[in-house]
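Protein chains: 2
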Amino acid sequence: MSSERIIYLPLGGAGEIGMNAYVYGYGAPDKERLILVDLGVTFPDMDGTPGVDLILPDITWLRERRDRLEAIFITHAHEDHVGAIGHFWEQLGAPIHARAFTANIARRKMEEHAHSPETVRTASAWPAQVEAGPFKVGFLPISHSIPESSALVIDTPEGRVIHSGDFKLDKTPLVGEPWDPELWAEVSKDGVKALICDSTNVFSPAPGRSEASIGPEIEALVSEAKGMVVATTFASNVARVKTLAEAGDRAGRSVCLLGRAMRRMIEASVETGVLKGFPKVIGPEDATQIPRENVMLIVTGSQGERRAASAQLARGKYNGITLKEGDLFLFSSKTIPGNEKGVIRIMNQFSEMGVDVVDDAGGRYHVSGHANRPDLETLQDVVKPQVVVPMHGEHRHLREHVKLAQSRGRTGVLAVNGMMIDLSGNSPTVAEYVETGRTYVDGTVQIGALDGVVRDRIRMALNGHVIVTVILDEDDEPLGEPWCDLMGLPEMGRSHAPLIEVLEEDLSQFLGRAGDKTLADDDKLEEGLKRVARQTAQAEIGKKPEVTVVVSRLS
Amino acid sequence: MSSERIIYLPLGGAGEIGMNAYVYGYGAPDKERLILVDLGVTFPDMDGTPGVDLILPDITWLRERRDRLEAIFITHAHEDHVGAIGHFWEQLGAPIHARAFTANIARRKMEEHAHSPETVRTASAWPAQVEAGPFKVGFLPISHSIPESSALVIDTPEGRVIHSGDFKLDKTPLVGEPWDPELWAEVSKDGVKALICDSTNVFSPAPGRSEASIGPEIEALVSEAKGMVVATTFASNVARVKTLAEAGDRAGRSVCLLGRAMRRMIEASVETGVLKGFPKVIGPEDATQIPRENVMLIVTGSQGERRAASAQLARGKYNGITLKEGDLFLFSSKTIPGNEKGVIRIMNQFSEMGVDVVDDAGGRYHVSGHANRPDLETLQDVVKPQVVVPMHGEHRHLREHVKLAQSRGRTGVLAVNGMMIDLSGNSPTVAEYVETGRTYVDGTVQIGALDGVVRDRIRMALNGHVIVTVILDEDDEPLGEPWCDLMGLPEMGRSHAPLIEVLEEDLSQFLGRAGDKTLADDDKLEEGLKRVARQTAQAEIGKKPEVTVVVSRLS
């Protein structure tokens with residue numbers, strides 16, 4: 064057995080959909096030279112991460128080995144693959160490689176964080192290869208929903224590994240290169256040690272449909288509409304924005320893009336020449352000047368995000384445009400689990416305005432950008448890897464994908480974040496378990512998911528917050544009564560007296576009875592006051608609030 | 064025109080799915096004698112109602128007119144129809160009428176709130192009628208997913224109104240009476256002024272399927288399973304619990320019910336004789352004693368509720384039972400929008416344990432308890448009402464249901480919570496707009512949704528909380544420095560110094576510069592300190608926290 068090994072270590076994206084970050088290494092154990100594939104974000108919610116702005120992977124393991132990091136490769140420009148590079152680049156410091164469109168987006172992100180955009184290097188597609196230490200990495204075109212999506216062909220002295228990136232098998236994807244089975248067979252013909260593969264749609268039993276299939280459906284819908292038509296999709300789904308714009312154009316409408324992210328993405332696509340023949344767009348002011356039946360808006364906010372264009376139109380006005388009775392609003396998108404309530408809120412707001420809402424209607428106006436189960440089988444058949452390692456999925460997706468590989472006689476490896484897999488030799492093994500987790504961007508600060516900050520916020524949200532203030536004089540005697548401030552708690556409790564008065568009364572009695580030892584000891588005093596406040600609240604209002612005790616000693 | 068009128072006033076359930084509460088009245092304007100149909104709850108979430116235990120309608124309007132309230136009628140025993148009677152009965156004080164099974168559940172709820180169960184009177188099914196002031200009200204059987212679900216035939220001196228309750232058109236519903244079109248035609252033959260009708264599934268285009276259709280599918284699934292089988296559904300979906308238990312029984316397994324709500328619901332069904340031939344069940348201890356391939360658990364928690372049996376099994380153990388590799392978990396349920404993340408969390412936890420998870424699989428293992436679009440058309444054709452008033456739906460459902468009625472040549476009225484509709488004469492009109500809203504059960508206290516309590520909790524969760532304490536002496540001079548306590552905020556900010564120190568430094572400087580007028584004025588002082596704390600936090604960590612200022616004056 065060689066003393067060198069190939070390792071694969073997901074730091075994000077394996078056991079969740081989002082914040083992709085996959086490490087590959089080659090070399091002697093613990094001395095491997097490393098590359099990182101993708102560095103993405105995921106999005107917070109009120110449920111588990113209130114107040115957080117963005118969620119990034121925990122890259123501590125990699126940061127501590129930055130001297131071994133040769134390069135970062137970005138497969139495509141979706142936020143869950145490229146969104147964290149600005150936040151983390153300083154901690155990693157390696158060159159970033161991506162194809163032209165992805166690099167354009169990546170450079171914008173670097174500039175937002177005041178990093179040099181020159182760190183991002185534009186790579187050509189396969190058969191070009193980028194050398195990075197012991198690796199040679201090629202960008203192998205594959206269809207997805209954004210231009211220039213690529214799998215990575217990762218060559219090591221011990222053989223070839225293919226990292227699929229996000230993909231679907233679409234021969235007419237509208238943007239990006241079509242699925243080319245001959246090219247993939249050619250690349251795979253001398254043997255592929257491992258296929259690290261997108262698992263998102265492993266539970267979807269039918270073959271995936273082409274982006275080209277929905278254009279005519281959307282055109283028919285738009286043609287029949289009597290008022291203004293508004294369509295929303297992910298801003299970064301460049302293929303869909305194009306499908307929508309062309310359908311609107313063919314239906315004789317002027318197209319107007321609303322939402323900063325949407326305009327920026329199309330701008331980058333045009334700048335880099337990957338989006339040709341996009342219909343001429345008009346600005347929002349012009350859109351208000353022409354008859355509404357001649358206008359089609361394409362807007363951000365398909366997931367119900369409160370600040371995006373869709374939500375603002377649903378609340379009333381956006382960029383001077385107001386929807387009204389007889390207009391049509393199309394969700395050309397799938398609602399990501401967890402976003403349903405926000406999306407439904409918008410639907411009902413439009414309903415109140417008399418706007419007709421159409422959603423994906425079981426696939427008529429939306430197709431997924433990911434490979435379904437039969438497509439995963441097809442890819443395996445073309446690549447014929449020794450091993451399939453599912454990624455880009457929750458645990459249930461990865462597990463099902465392993466089962467799928469096994470059912471076809473292949474070795475499948477279930478590797479979640481933090482599991483370092485040794486891909487050398489003939490059967491992969493778990494080399495090590497590495498601690499992983501999440502990093503929160505909170506305002507302008509990065510905090511660890513386990514720092515307790517968010518836990519305290521959730522506690523205040525569930526239980527309310529009582530602040531107890533006590534002043535003691537030089538002799539540790541209470542000066543006046545203790546008093547309370549309440550936040551997020553009902554005013555009146557069981558005694559039909561204000562909760563604050565009942566609390567202050569009970570706290571005062573406690574202070575009156577407290578011995579010298581308690582009064583002289585901050586911890587004891589705080590503990591006692593906290594206990595009384597919680598007990599009283601429990602009796603009065605049936606819940607135990609968070610309590611902060613502020614003891615002031617005059618001295 | 065008569066000086067009497069019939070009114071319909073939804074206080075809950077029209078513009079949302081949940082907390083149903085519909086008022087009907089008959090008499091001279093503002094002197095109508097009233098009845099209330101249903102009094103249900105809806106459920107809180109972290110997004111909009113953190114810490115809240117239960118959401119009830121705001122019944123202020125009705126409470127202020129309780130002297131005119133003749134009776135309360137409950138159509139069926141689901142929480143969104145009966146759940147609030149214990150909480151509100153004291154404020155309303157009218158007799159409650161329901162059929163035997165519903166009354167059994169209602170009495171349990173009354174007892175939980177220490178009200179006399181005798182207030183709940185058992186009604187017989189149509190053609191029996193209950194007299195309530197000018198009304199005669201009959202319970203007209205209709206199929207749903209719980210025993211004895213009924214529409215209400217509401218007779219007034221000016222004619223007949225039918226309130227559908229929740230329903231589906233199922234000729235083999237397993238529990239409850241089958242849909243009986245002849246009976247409904249007979250009841251409707253002399254003319255129905257208005258059909259107030261369930262709208263939940265108006266967007267479902269195919270005719271609804273019978274509960275009886277899924278038993279064989281479930282049986283096949285259970286028969287093929289190698290390990291323990293666990294199925295979850297709503298505890299109150301008695302029909303489904305029966306379907307599951309019988310399928311398990313036929314597949315040769317002993318059935319064990321887990322979860323308090325599940326056992327209680329089946330107990331009430333058996334007590335009142337509405338559930339016959341339910342398979343013999345075993346206790347959890349016995350379930351651990353027999354081979355796991357002979358056991359089928361039916362458990363609570365189909366919506367991912369953290370404390371229910373499903374979630375506890377997913378976390379490890381419940382009632383001594385642990386799932387393991389090779390077991391099967393079936394969601395015989397639909398996930399209610401907003402609950403997806405909780406359900407998916409459980410699916411992934413089971414996946415980690417090696418348990419196979421099956422969900423409704425596009426209807427194979429679940430059918431809805433509500434009427435689909437063609438079924439709504441059928442009911443309209445049988446009842447032939449002058450007017451259709453959609454209820455039990457969000458705005459978009461009500462609007463679509465109105466359109467559906469209109470497309471069939473009927474008058475449809477879109478009435479949301481608070482819209483009082485005058486149903487007298489030939490065309491309904493809006494008589495009045497009444498203020499409605501939500502009441503939160505928070506611990507043991509009822510609070511109004513607009514009281515600001517929950518708003519403050521959400522703010523603390525999003526922004527964190529800073530407490531600033533300042534002590535002033537008898538001459539309004541600061542005694543020592545101001546200090547801070549933080550909760551839910553990062554420790555370090557931009558200056559790479561502890562946030563608390565930077566805050567205290569800036570607040571101290573402010574105090575040092577503050578003039579006598581500011582120092583003597585609590586409001587000014589508080590305002591100034593708050594402003595400084597928020598500015599400093601914004602500069603340090605990029606967010607503005609909630610700030611509570613506690614000023615103590617020695618005097």
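Residue numbers (the working numbering), protein chains in the order written: chain A, 64 to 618; chain B, 64 to 618.
Each residue gets a CB set at the ideal place from its N, CA and C atoms; glycine is no exception.
- A distance below 6 Å between beta-carbons, with the five flanking residues on each side excluded, links B:Gln154 to the following residues of its chain, in chain order: Arg126.
- For B:Asn411, the chain A residues whose C-beta falls within less than 7 Å of its own C-beta are Glu457, His458 and Arg459, listed in chain order.
- Within a 10 Å sphere around the beta-carbon of A:Ile353 sit fewer than 16 other beta-carbons, which makes this residue exposed.
- For A:Pro210, the number of other beta carbons within 10 angstroms of its own is at least 16, and it is reported as buried.
- Within the region 90-118 of chain B, those residues whose Cβ lies closer than 7 Å to any Cβ of chain A are, in chain order, Met109, Asp110, Pro113 and Gly114.
- By the neighbour-count criterion, in which a residue is buried when 16 or more other Cβ atoms sit within 10 angstroms of its Cβ, B:Thr502 is buried.
- Judged by DSSP secondary structure, A:Trp189 falls outside any alpha helix (DSSP H); it is assigned neither H nor E.
- Every alpha helix (DSSP H) stretch that sits fully inside the region 562-589 of chain A and reaches 4 residues is listed by chain position as 562-576 and 579-583.
- Note that the C-beta distance between A:Leu393 and A:Ile384 is not below 8 Å.
- Distances from the CA of B:Gly254 to each of B:Thr165, B:Ile217, B:Pro561 and B:Ser414 were compared; the closest alpha carbon is that of B:Ile217.
- DSSP places A:Ala294 outside any alpha helix (DSSP H); the residue lies instead in the beta strand (DSSP E), whose first and last residues are Val292 to Thr295.
- Rounded to whole angstroms, A:Glu181 and A:Ile159 show a C-alpha spacing of 9 Å.
- Runs of beta strand (DSSP E) with 3 or more residues, each lying fully within the region 371-432 of chain B, are found at 391-394 and 419-421, listed in chain order.
- The continuous alpha helix (DSSP H) containing A:Phe164 extends over residues Ala163 to Glu175.
- Residues Val285, Val318 and Met359 of the same chain have their beta carbon placed closer than 6 Å to that of B:Gly311, with the five preceding and five following residues left out of the count.
- The C-beta of B:Met454 comes no closer than 8 Å to any C-beta of chain A.
- What B:Met173 touches in chain A, judged by beta-carbon distance under 7 Å, is nothing: the nearest beta carbon there is about 19 Å away.
- The three-state secondary structure of A:Asn264, taken from DSSP, is strand.
- Within the region 76-126 of chain A, the runs of alpha helix (DSSP H) at least 4 residues long that lie entirely inside it are, in chain order, 123-126.
- Burial check for B:Gln598: the Cβ neighbour count within 10 Å stays below 16, so the residue is exposed.
- Between B:Leu461 and B:Arg436, the gap from beta carbon to beta carbon reaches 8 Å or more.
- Of all alpha-carbon atoms in B:Gly156, B:Ala188, B:Ala191 and B:Val200, the one lying nearest the alpha-carbon of B:Ser179 is that of B:Gly156.
- Counting along the chain, B:Ser286 sits inside the alpha helix (DSSP H) bounded by residues Gly278 to Glu287.
- Annotated three-state conformation of A:Glu457 is strand, per DSSP.
- Linking A:Met482 to A:Met325 through their CA atoms gives a straight-line distance of about 37 Å.
- Spatial neighbours of A:Leu258 in its own chain (CB-CB distance under 6 Å, excluding positions within 5 residues in sequence) are listed in chain order as Ile225, Val446, Pro448 and Val451.
- DSSP links A:Pro204 through a beta bridge to A:Ser213.
- With contacts defined as CB atoms closer than 8 Å, A:Arg131 and A:Leu97 qualify as a contacting pair.
- Think of a sphere of 7 Å around the beta carbon of A:Glu415: the chain B residues whose beta carbon falls inside it are His458, in chain order.
- A:Val612 is positioned such that its CB atom lies closer than 8 Å to that of A:Lys593.
- Contact of B:Lys606 with chain A by beta-carbon distance below 9 Å involves Gly114, Asp116, Asp505, Gly506, Thr507 and Val508.
- Taking a contact as a CB-CB distance under 8 Å, the pair B:Val333 and B:Glu463 does not count as one, their CB atoms being some 39 Å apart.
- The beta carbon of B:Thr532 sits closer than 8 Å to some beta carbon of chain A.
- Between B:Leu307 and B:Thr363 a beta carbon distance of about 12 Å is seen, past the 8 Å cut, so the two are scored as non-contacting.
- Taking 4 residues as the shortest admissible run, the region 219-252 of chain B contains the following complete alpha helix (DSSP H) segments, listed from N- to C-terminal end: 244-251.
- Spatial neighbours of B:Ala191 in its own chain (CB-CB distance under 7 Å, excluding positions within 5 residues in sequence) are listed in chain order as Gly201.
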